[in-house]
Amino acid sequence: MSRYAMVIDLARCNGCNACVVACKVEHNSPNGIVLTAILEAERGQYPQANRIFFPVLCNHCERPPCVPVCPSKATTVRDDGIVLVDWVKCIGCGACAQACPYDQRFYVKDNRVGFPGAGEGFTKPGTFKPPRGVVVKCDFCFHRVDEGLQPACVTVCPTDARIFGDRDEPQSRINQLIARNNAWSLLPDKGTRPCVYYVG
Amino acid sequence: MPTAAPTPPEPAQAMSGDAWVPTVCMGCYNCCGIRVRREDGQVVDVEGDPLAPNSQGHLCAKGKARFLDLHNPERITTPLRRRNPHKGLGVDPQWEPIGWDEALETVTARLDKVRREDPRRLVIAHFDMPGYGISKAFGTAFGTPNFHWNRADYCGAAPHSSHLLLNGSFNAEVDFDLCNYIVLWGTQLGHIVETIPLHAAHKLADARARGCKLVVIDPFCTNAAAKADEWIPIRPGTDGALALAMLNLMLNELGLVDRPFLRACTNAPYLVRADGHYLRDEGGGKPLLWDAAAGHAVPFDTPGADPALEGEFDTPAGRCRTALQCLKTHLLQYDVEAMAHVTTVPAEVIRRLTREFCAAARIGSTIEIEGRQLPFRPAAIHFKRGSGAHKGGFHTTLAMHMLNLMVGNLDVPGGQRGVNPVGPFWNVQQDPDGMLVPAQMITKYNRPYPPSEARVPVTLDLHELFPAALFTRGLYAWGISEPEKFGIDYTPEVLLHGRTNLMMNSHAPEAMAETLRKIPFQVSFTGFIDETAEFADIILPDAHDYERWDLFPANDPYAFITPGPGEWYWLMRQPAVQAPPGVRPWTDVYLELAERLGIRDEMIAVGNTIWGIDPRHHLTPGRRYSVRDIAERQARTLIGDDFSFDRLRETACMITGPKSIEQAYPRPFFSARVPVYFEHLIRTGEQVRAVTDELGLDWDLAPYTPLLTWFPCEALEPDGDYDLLIVNFKVPFHNFSISAENPWIDELSVANPYTYHVMVGPRAAAARGLADGDRVVIESRHGRDEGTLKVTELVHPECIAIPGTFGHWARARRISGAGKSTAFNRLLPPPGLTRIDTLSGQIDTCVRVRLRKA
Chain V
1 MSRYAMVIDL ARCNGCNACV VACKVEHNSP NGIVLTAILE AERGQYPQAN RIFFPVLCNH
61 CERPPCVPVC PSKATTVRDD GIVLVDWVKC IGCGACAQAC PYDQRFYVKD NRVGFPGAGE
121 GFTKPGTFKP PRGVVVKCDF CFHRVDEGLQ PACVTVCPTD ARIFGDRDEP QSRINQLIAR
181 NNAWSLLPDK GTRPCVYYVG
Chain B
201 MPTAAPTPPE PAQAMSGDAW VPTVCMGCYN CCGIRVRRED GQVVDVEGDP LAPNSQGHLC
261 AKGKARFLDL HNPERITTPL RRRNPHKGLG VDPQWEPIGW DEALETVTAR LDKVRREDPR
321 RLVIAHFDMP GYGISKAFGT AFGTPNFHWN RADYCGAAPH SSHLLLNGSF NAEVDFDLCN
381 YIVLWGTQLG HIVETIPLHA AHKLADARAR GCKLVVIDPF CTNAAAKADE WIPIRPGTDG
441 ALALAMLNLM LNELGLVDRP FLRACTNAPY LVRADGHYLR DEGGGKPLLW DAAAGHAVPF
501 DTPGADPALE GEFDTPAGRC RTALQCLKTH LLQYDVEAMA HVTTVPAEVI RRLTREFCAA
561 ARIGSTIEIE GRQLPFRPAA IHFKRGSGAH KGGFHTTLAM HMLNLMVGNL DVPGGQRGVN
621 PVGPFWNVQQ DPDGMLVPAQ MITKYNRPYP PSEARVPVTL DLHELFPAAL FTRGLYAWGI
681 SEPEKFGIDY TPEVLLHGRT NLMMNSHAPE AMAETLRKIP FQVSFTGFID ETAEFADIIL
741 PDAHDYERWD LFPANDPYAF ITPGPGEWYW LMRQPAVQAP PGVRPWTDVY LELAERLGIR
801 DEMIAVGNTI WGIDPRHHLT PGRRYSVRDI AERQARTLIG DDFSFDRLRE TACMITGPKS
861 IEQAYPRPFF SARVPVYFEH LIRTGEQVRA VTDELGLDWD LAPYTPLLTW FPCEALEPDG
921 DYDLLIVNFK VPFHNFSISA ENPWIDELSV ANPYTYHVMV GPRAAAARGL ADGDRVVIES
981 RHGRDEGTLK VTELVHPECI AIPGTFGHWA RARRISGAGK STAFNRLLPP PGLTRIDTLS
1041 GQIDTCVRVR LRKA
């Protein structure tokens, strides 16, 4: 069995945003929607001030609060832990988006991609294009993972700041990273048990 | 109706069918290896090429996003002719489509007339690395010296020249594998900005993870500063003052310098006469140094000599000092406390930075690599355009670089390094004075050293007045506007332009419009009608780089092959898809224009040399060639006679072998010396004085001094209520102005707290009653723009930071425009005497502005 997770090494992320674009391409993310983002924050006072780059995405929680609230049972959890939205079942009510403590679900009001004036816009062949009226989120690029590839944001990252792997493999690199670096995850008090970990 | 292109591009191998096509990115100038996904004849994705050492399967945001540009509905697929004779900002050119034959006939007729009357009246403006060989060969065959007008305002005329003098190469980097202390000074190397970005980003992240300290000196807290252990904000334009204060500390207080290196590998021991020139052997021969053991002066290359580094000595030609002694005495004026006041960097920070750098350099230590004992200097200072783009930029960049030289870290393990000064078919040279001369292959422009002779300009970039500069491309606008001032007896008639948006990248667009209006006939090769193409008379639809072949290698080794240990790798650009009907790569159009003008054979003859083709593979006069044909000959020369395009199926990257240790760490293996004292500038300055006197020009000769000096920018002087200094920085997901029209990159920019904002500190905002999010007007004495304010602790309190090259206004380029972003360059004046470094030609981007609510 597999149990997929991601480690984000904040020390390696330099805020280049390649992951954000790679994700948009891979998911035909509608204009204005990103399924992973680099948040920025400022710390300190001049001249001891600094800037922080903080990648965020769906945490693929072990106890996902988005699942029980879905009235149409559109959100499901695969055996390998990937949390998915079935757009056929999704009615776009937004209950999941409200339940997600990480603000990582997005309602598709307009699904056009790319240049204004280019109609429906760009669609990457062989990938899914979200219809209007559904909720989208990071799906750990399950279509790539199922083919033995890494998620698009992991492959593209120039500094290898994102590491994807299987928690059920004891010697996997992410298990080592999590164990050695006091990895932490977001909002532990919510009891969601995220599968996205931060180090560095 | 428009006709299709007369000669469609030759098909790439396996041009049909769905495939990953390996090729080379042109999202910036760095030429990373990529694989482009083609399905149903369309580009639908792109990845880094895992087999290319410069990308290793990774990609940056702009490289990933830019295939979307092929799906831009504004793309031009037919030549256009202007109907409205009036040219101006916001003026509708009233385009009408015409056929390729008619377009090329019109262009040829105009070029033919110019060529017969005075070929110098043709000006060529492209920013296209592998394409330079085509425009240069065409321009040379045509008979004009005016090619390569492009983004020099952004480029590093000063830093490149410094790297050529001290490393023997064009670009520079750091030995990330071994370095323990890196100072990035006005640059973001390793943060997807600057040289070999994907590789450098990975290496720098690795270095930081193993404990390498990173210090960033910059007026704004850039992405690089965000990742640094220490951000040191500095007042813009004072970098030279800081560097000279540090040098003063190193030489006159701490004594922390690499004395054996200074003796053997620099001109530090050369004896300098009272008039500033070297003391030479009888008859003006070799420079002499003081042999401490013998007690008299001997030629610099005397075996067994014991060169004195410091002191004054009586010689038959009078009392002489060593070059290092001259520098040491000269540096005393750069008192640390005084320079702290100038730079706003506290004196204790200057002292600590200097001590830390010198200590980290481990002067005197060695390391064993491949069985050889080499100097080990794991500390490096890296600088680029940000700190160099100022009045006195050459001296400033040399002063920063001199800190490297003093610890002996140039091109040795752990240190600062040039990008491949020594390669498999080039090497640094040594002149009769014992000084380093960069390989001819690297200095393909003007040579900073040995300098050329100053002359009355015949070229519109005025480079003849800058004999010790690498290039002066930013000065075309000056030469075109006032040729008579410089003794130039012709005016430009035709401009061939493409892939460089002069309107946005230079200075106030109103001034650039004046300049462009002085050129009666403009041809723009472009896929999209940008601000500069709006001034064209004829537009020829250019191919995307995913649709074209290119000269080989795309990644010039002096700039874009990873320096240090590794392999020699060469990337070839090949098309992933056919260009749409009616669209042609500008490079192939140049070859056709040469044929139409009857200069094809001249172009080929010149090209055989420019393109570095082995005589066995020379192109033959009387035949028609495509860019692909030329690339094939170049590849046979470089890769071997057995090269075939079949090699490009899996990767566009060809590896010819490992680097030797002499190529990876060249400095310990050659004897040529590098300067601490720039004696050549005395004579060159006298020549420039003679020429400028002849022309009756008011000229600034102060930088022609052999001793490193800080020259304050004009903008450091108070000027009424213009009380803020503008500072520009690069954004890792943007490249110049072209990326600003990509919807995905635009979206990142909208979401980012800084990219489309202008930044001031809380005190500057409060003093003007301004708050975060306010719309503001930024005005200099040269231009104005509006912006959205971001109040932040991340900027020097005397500055307003404006990122990137944004704010398009052309009719077909509206994604980043319409009040969304701010255009830094709008605030700059056109080049003029007070705004340039008269030594390097670098343009000073320091400008005072006032800020108020919109």
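So the protein sequences, as listed, match chains V and B. Counting in our numbering, the first sequence runs from 1 upward without gaps. Counting in our numbering, the second sequence runs from 201 upward without gaps. Ideal Cβ positions, reconstructed from N, Cα and C, are used throughout, including at glycine. These numbers were taken from a predicted model, which means no experiment stands behind them.
Please name the residue, chosen from B:Glu693, B:Glu894, B:Phe671, B:Gly455, that lies closest to Lys528 (chain B) on a Cα-to-Cα basis.
B:Gly455
Suppose you measure from the CA of Ser844 (chain B) to the CA of Ser216 (chain B); what does that come to, to the nearest Å?
19 Å
From the DSSP output, which residues share a beta bridge with Asp814 (chain B)?
Answer is none; Asp814 (chain B) lacks a bridge partner.
Taking only the alpha-carbon atoms, compute the straight-line gap between Met226 (chain B) and Ala966 (chain B) and give it to the nearest angstrom.
43 Å
For the segment 1018-1029 of chain B against the segment 972-989 of chain B, do three or more pairs of beta-carbon atoms, one drawn from each stretch, fall closer than 8 Å, so that the two count as touching?
yes
Considering only C-alpha positions, which residue in the set B:Arg459, B:Asp429, B:Asp750 is nearest to Cys231 (chain B)?
B:Asp750
Any beta carbon from chain V within less than 7 Å of Pro953 (chain B)'s own beta carbon?
yes
Run the CB neighbour count on Gln774 (chain B), radius 10 Å, all protein chains shown included, and call it buried at 16 or more, exposed below.
buried
Could you spell out where the beta strand (DSSP E) holding Asn50 (chain V) opens and where it closes?
50-57
Where DSSP assigns a beta bridge to Glu568 (chain B), which residues make up the other side?
B:Gln573
Let me know the beta strand (DSSP E) ranges lying completely inside the segment 603-676 of chain B, each 3 residues or longer, listed in chain order.
616-618
Could you name the residues of the segment 15-26 of chain V whose beta carbon sits closer than 7 Å to any beta carbon of chain B, in the order they occur along the chain?
Residues passing the 7 Å Cβ filter: Gly15, Cys16, Asn17, Ala18, Val20, Val21, Ala22, Lys24, Val25.
Assign Gly586 (chain B) to one of three DSSP states: helix, strand, or coil.
DSSP places Gly586 (chain B) in the helix class (H, G or I) of the three-state scheme.
Chain V partners of Thr179 (chain B), CB-CB under 7 Å?
The question about residue 179 (chain B) has no answer, for chain B in this structure spans 201 to 1054.
Could you tell me if Val950 (chain B) is buried or exposed, where buried requires 16 or more neighbouring beta carbons within 10 angstroms of its beta carbon?
Around the beta carbon of Val950 (chain B), fewer than 16 other beta carbons lie within 10 angstroms, which makes this residue exposed.
Assign Leu364 (chain B) to buried or exposed, taking buried as 16 or more other Cβ atoms, counted over all protein chains shown, within 10 Å of its Cβ.
Counting every other CB atom within 10 Å of its CB across the protein chains shown gives Leu364 (chain B) a total of 16 or more, marking it as buried.
Is the segment 13-28 of chain V touching the segment 41-57 of chain V, taking contact as three or more C-beta pairs under 8 Å?
yes
Tell me which residue opens and which closes the alpha helix (DSSP H) that Leu791 (chain B) is part of.
786-797
Can you list the beta strand (DSSP E) stretches of 3 or more residues lying completely in the segment 489-552 of chain B, in chain order?
496-499, 512-515, 518-522
Counting pairs of Cβ atoms below 8 Å between the segment 730-748 of chain B and the segment 758-767 of chain B, do you hit three or more?
no
Using a Cβ-Cβ cut-off of 7 Å, state whether Gln104 (chain V) counts as contacting chain B.
No, Gln104 (chain V) lies away from the interface with chain B (no Cβ there is under 7 Å from its Cβ).
What does DSSP give as the partner residues of Arg800 (chain B) in its beta bridges?
Its beta-bridge partners do not exist; DSSP assigns none.
Looking only at its chain, what residues have a beta carbon closer than 7 Å to the beta carbon of Cys90 (chain V), apart from the 5 residues adjacent to it on each side?
Ser72, Ala74, Val134, Val135
Out of curiosity, what's the CA-to-CA distance linking Asp269 (chain B) and Asn942 (chain B)?
If I take the Cα positions, the gap works out to 6 Å.
Could you work out which residues of chain B lie near Gly32 (chain V), taking near to mean beta carbons separated by less than 8 Å?
Glu947
At what residue ranges does the segment 228-284 of chain B contain a whole run of the beta strand (DSSP E), taking only runs of 3 or more?
Correct list: 233-239, 242-248, 280-282.
Taking only beta carbons into account, state which residues of the segment 40-68 of chain V come closer than 8 Å to chain B, listed in chain order.
Glu40, Glu42, Gly44, Gln45, Tyr46, Pro47, Ala49, Asn50, Arg51, Ile52, Phe53
Do Arg673 (chain B) and Trp385 (chain B) come within 7 Å of each other at the CB atom, strictly closer than that value?
Going by C-beta atoms, Trp385 (chain B) is not nearer than 7 Å to Arg673 (chain B).
If you draw a straight line from the alpha carbon of Thr992 (chain B) to that of Ala1023 (chain B), how long is it in whole angstroms?
20 Å
Could you tell me which of B:Arg833, B:Gly233, B:Ser565, B:Val244 sits nearest to Val25 (chain V), measuring between CA atoms?
B:Val244
What does DSSP give as the partner residues of Asp375 (chain B) in its beta bridges?
Answer by DSSP bridge pairing: none, since Asp375 (chain B) is not bridged.
For Arg411 (chain B), count neighbouring C-beta atoms within 10 Å of its own C-beta (all shown protein chains included) and say buried if the count is 16 or more, exposed if not.
The question names Arg, yet the displayed sequence has Gly at residue 411 (chain B). Result: exposed.
Check the DSSP bridge columns for Gln722 (chain B) and list the partner residues they point to.
DSSP lists B:Leu695 as the bridge partner or partners of Gln722 (chain B).
May I have a chain-ordered list of the alpha helix (DSSP H) segments no shorter than 4 residues that lie completely inside the segment 858-894 of chain B?
861-864
Is Ala559 (chain B) near Gly615 (chain B), with beta carbons less than 7 Å apart?
no
With C-beta atoms as the reference, is Tyr198 (chain V) less than 7 Å away from Leu39 (chain V)?
No, they are not a contact pair.
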